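Contents: one structure, followed by commentary.
Residue numbers (this note's numbering), protein chains in the order written: chain A, -16 to 335; chain B, 28 to 306.
What follows is the structure, encoded as structure tokens:
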């Protein structure tokens, strides 16, 4: 092959690849998601029904997700999974498209997780809660007294010293620390931080490790830790069959309610497909598949999710009305308070 | 060839490298420097992200932790790698050296993340290490190794011993055997010959490896995150923490610049041994 014919062939191949990409882009949905949305068991029925391909990119943490968006071209992304408390951050950046409420199953969503205050801005709906759960006490009931897990005081008592792991995410765990001393997560101010720090440092003194998502699950599953502060169904439910002793409680002080939402990008080039995807995920079938995703389980936002009895038992579906009544919202601090809370968390991590 | 032509050829030769450095190092580094001066929530230029580092003991402690861990890792790695390289260079028969070297660098072939998680399995309370010692009766209760600074150091040392072995081995192989013979002729014992002749001549190899170890370890996020268990924060973990939820790139940039300054100081300290022709 001469150099000229080589370059000609390479050029032709490049043009064909670009044409193929352009042709297929029309049938592709680009989704910025958490790991539970990467499960083929969730995506395949949608892809089969629509003939579209769902391209997912996983991220952890809203800051990292928004950074990906900011480094992308407008229109690169169609939908995003985001902490419900952070929907406003995306709206403030002008990223999200209002969702058509009349085309989404709001009537079937547990009222406590609709979260208008977080997902509805200036009268427009920008996010719909798709999954929720609790940051509370996860534990191995064969190793600890389940009665002790009904009080957050157990987390700072000597009884379980060295048998505790702490989930490494400051907002929910600081919310739990606040609840343990009678403060409301929705009313936290800078003045509350010293008392919260005191609780955190006591927890740290009792803890064997402060662990990220994967390590948290591993710690409980392998017996490295018997209690996970900040744990909940998201840690225990997915491995309940292999480890039936793993459980979670909503203690007398309550639990922190976490929730994740789906939002559509304002610059999406496939808004119809994006809406279909959101409708699918919020449908009874999509909700059951999302709730039992291989990455982590969680409660479906749609009360009519097509879960079987065993799945409902594992997720403690029947107890949700009581749990929801006693749960408090995720702390949603201002930018300035958020920074201060993160600094308190850093101080706790560095405390020896 | 005229001097002007030689100059043109010289510039033509180095221009690609200069452009590469400019585009992929200088420009991003400058962008990071600028970003660090515009803190979240501030209206203009500010050094707040830098003053925060020195004013907040938990931030400052992250650097201290990083320096302690990295220094320990470098020293332990040198102490293990030197005899290993020596054995490879002078004890292992010539025909087996290539195979031995290949075996020595095997850890490089596995993913960094996989290797760290593998160590976690070994060091966990119910992992291979504790199980072996418990079953042999040497321990009555398991010791906590996972999620500790010791685990981070073990993970790092496993990797960097290989790196240092390569640099020291290369240096040892360049040494003429006549140095040792001459020292012996002059009455030096093998130990004296090693301390006064061989060690100083292999110092460049040691320092190149030590510098690489220091730079790679102090900037690493994966190993302390997986093996250290966040019971204390090192500087790269603190940097990542700024980005995770809050997306505070200004603060992360300032901390990265500080990390870069530490690396630069380490380079200046080692510079006399890092000249290419001596390594």
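The C-beta atom is built at its ideal place from N, Cα and C for all residues, glycine as well.
Treat the numbers as computed from the prediction; the structure is a model and nothing was measured.
For residue i, count the other beta carbons within 10 Å of its own beta carbon; 16 or more makes it buried, fewer makes it exposed. Which is it?
{"i": "residue 28 of chain B", "result": "exposed"}
{"i": "residue 115 of chain A", "result": "buried"}
{"i": "residue 7 of chain A", "result": "Legend: pLDDT at residue 7 of chain A = 49, less than 50; position of this residue unreliable, value from coordinates given subsequently. Flag for residue 7 of chain A reads exposed."}
{"i": "residue 272 of chain B", "result": "buried"}
{"i": "residue 5 of chain A", "result": "Residue confidence for residue 5 of chain A is low, a pLDDT of 49 falling below 50, so the modelled location carries little weight and cannot support an answer."}
{"i": "residue 338 of chain A", "result": "There is no way to answer for residue 338 of chain A, as the model of chain A reaches only from -16 to 335."}
{"i": "residue 20 of chain A", "result": "buried"}
{"i": "residue 72 of chain A", "result": "buried"}
{"i": "residue 291 of chain A", "result": "exposed"}
{"i": "residue 54 of chain A", "result": "exposed"}
{"i": "residue 84 of chain A", "result": "exposed"}
{"i": "residue 108 of chain A", "result": "buried"}
Does any residue of chain B have a CB that is nearer than 8 angstroms to the CB of residue i?
{"i": "residue 6 of chain A", "result": "Since pLDDT at residue 6 of chain A reaches only 47, below the 50 mark, its modelled position is unreliable, and the value read off the structure follows with that caveat. It does not; no Cβ of chain B falls within 8 angstroms."}
{"i": "residue 326 of chain A", "result": "yes"}
{"i": "residue 332 of chain A", "result": "yes"}
{"i": "residue 151 of chain A", "result": "yes"}
{"i": "residue 47 of chain A", "result": "yes"}
{"i": "residue 207 of chain A", "result": "yes"}
{"i": "residue 271 of chain A", "result": "no"}
{"i": "residue 204 of chain A", "result": "no"}
{"i": "residue 121 of chain A", "result": "no"}
{"i": "residue 165 of chain A", "result": "no"}
Helix, strand or coil for residue i, going by three-state DSSP, please let me know.
{"i": "residue 5 of chain A", "result": "With a pLDDT of only 49 at residue 5 of chain A, under 50, the local geometry of the prediction cannot be trusted, and the value read off the model is given with reservation. Looking at residue 5 of chain A - three-state DSSP - the assignment turns out to be helix."}
{"i": "residue 108 of chain A", "result": "strand"}
{"i": "residue 119 of chain B", "result": "coil"}
{"i": "residue 279 of chain A", "result": "coil"}
{"i": "residue 54 of chain A", "result": "coil"}
{"i": "residue 132 of chain B", "result": "coil"}
{"i": "residue 355 of chain A", "result": "Here chain A covers residues -16 to 335 and nothing more, so residue 355 of chain A does not appear."}
{"i": "residue 223 of chain A", "result": "coil"}
{"i": "residue 30 of chain B", "result": "helix"}
{"i": "residue 16 of chain A", "result": "strand"}
{"i": "residue 162 of chain B", "result": "helix"}
{"i": "residue 102 of chain B", "result": "helix"}
{"i": "residue 241 of chain B", "result": "helix"}
{"i": "residue 80 of chain B", "result": "helix"}
{"i": "residue 67 of chain B", "result": "coil"}
{"i": "residue 207 of chain A", "result": "coil"}
{"i": "residue 331 of chain A", "result": "helix"}
{"i": "residue 259 of chain B", "result": "coil"}
{"i": "residue 43 of chain A", "result": "coil"}
{"i": "residue 48 of chain A", "result": "helix"}
Give me whichever residues DSSP pairs with residue i in a beta bridge.
{"i": "residue 192 of chain A", "result": "A:148"}
{"i": "residue 284 of chain B", "result": "According to DSSP, residue 284 of chain B bridges with nothing at all."}
{"i": "residue 123 of chain A", "result": "A:229"}
{"i": "residue 36 of chain A", "result": "A:11"}
{"i": "residue 103 of chain A", "result": "A:108"}
{"i": "residue 115 of chain A", "result": "A:242, A:282"}
{"i": "residue 214 of chain A", "result": "A:119"}
{"i": "residue 66 of chain A", "result": "A:243"}
{"i": "residue 311 of chain A", "result": "A:239"}
{"i": "residue 92 of chain A", "result": "A:285"}
{"i": "residue 80 of chain A", "result": "A:247"}
Kindly indicate if chain A contains any beta-carbon less than 8 angstroms away from that of residue i.
{"i": "residue 150 of chain B", "result": "no"}
{"i": "residue 246 of chain B", "result": "no"}
{"i": "residue 36 of chain B", "result": "no"}
{"i": "residue 162 of chain B", "result": "no"}
{"i": "residue 270 of chain B", "result": "yes"}
{"i": "residue 85 of chain B", "result": "yes"}
{"i": "residue 88 of chain B", "result": "yes"}
{"i": "residue 306 of chain B", "result": "Bear in mind that a pLDDT of 41 at residue 306 of chain B, under 50, signals an unreliable position, so the number given afterwards is only what the model happens to contain. It does not: the Cβ of residue 306 of chain B has no partner Cβ on chain A nearer than 8 angstroms."}
{"i": "residue 265 of chain B", "result": "yes"}
{"i": "residue 286 of chain B", "result": "no"}
{"i": "residue 76 of chain B", "result": "no"}
{"i": "residue 173 of chain B", "result": "yes"}
Determine whether the Cβ of residue i lies closer than 8 angstroms to any Cβ atom of chain C.
{"i": "residue 259 of chain B", "result": "Within the model displayed, chain C is absent; protein chains A and B are what it includes."}
* Asked: At a cut of 8 angstroms, does the segment 179 to 187 of chain A reach the segment 148 to 160 of chain A through at least three beta carbon pairs?
  -> Yes, they touch.
* Asked: Should the segment 26 to 37 of chain A be called in touch with the segment 261 to 271 of chain B, which here means at least 3 C-beta pairs below 8 angstroms?
  -> No, the segment 26 to 37 of chain A is not in contact with the segment 261 to 271 of chain B.
* Counting pairs of Cβ atoms below 8 angstroms between the segment 199 to 216 of chain A and the segment 142 to 151 of chain A, do you hit three or more? -> Here the segment 199 to 216 of chain A makes contact with the segment 142 to 151 of chain A; the two share three or more CB pairs at distances below 8 angstroms.
* **Segment contact flag, the segment 144 to 163 of chain B with the segment 249 to 256 of chain B, C-beta cutoff 8 angstroms, min 3 pairs** => Judged by Cβ distances under 8 angstroms, the segment 144 to 163 of chain B makes contact with the segment 249 to 256 of chain B, as three or more pairs qualify.
* To do: Report yes or no: do the segment 292 to 302 of chain B and the segment 117 to 134 of chain B share at least 3 C-beta pairs separated by less than 8 angstroms?
  => Taking one beta carbon from each stretch, the segment 292 to 302 of chain B and the segment 117 to 134 of chain B have fewer than 3 pairs nearer than 8 angstroms; the two do not touch.
* **Three-pair Cβ contact test at 8 angstroms for the segment 192 to 208 of chain A versus the segment 250 to 268 of chain A** => Counting Cβ pairs under 8 angstroms, fewer than three are found: no touch.
* Any chance the segment 215 to 224 of chain B sits against the segment 81 to 101 of chain B, with 3 or more Cβ pairs inside 8 angstroms? -> Three or more beta-carbon pairs separated by less than 8 angstroms are not found between the segment 215 to 224 of chain B and the segment 81 to 101 of chain B, which leaves the two stretches without contact.
* To do: Pair every Cβ in the segment 93 to 103 of chain B with every Cβ in the segment 167 to 181 of chain B, then say whether three or more of these pairs are closer than 8 angstroms.
  => Contact between the segment 93 to 103 of chain B and the segment 167 to 181 of chain B is present, because at least three Cβ pairs lie under 8 angstroms.
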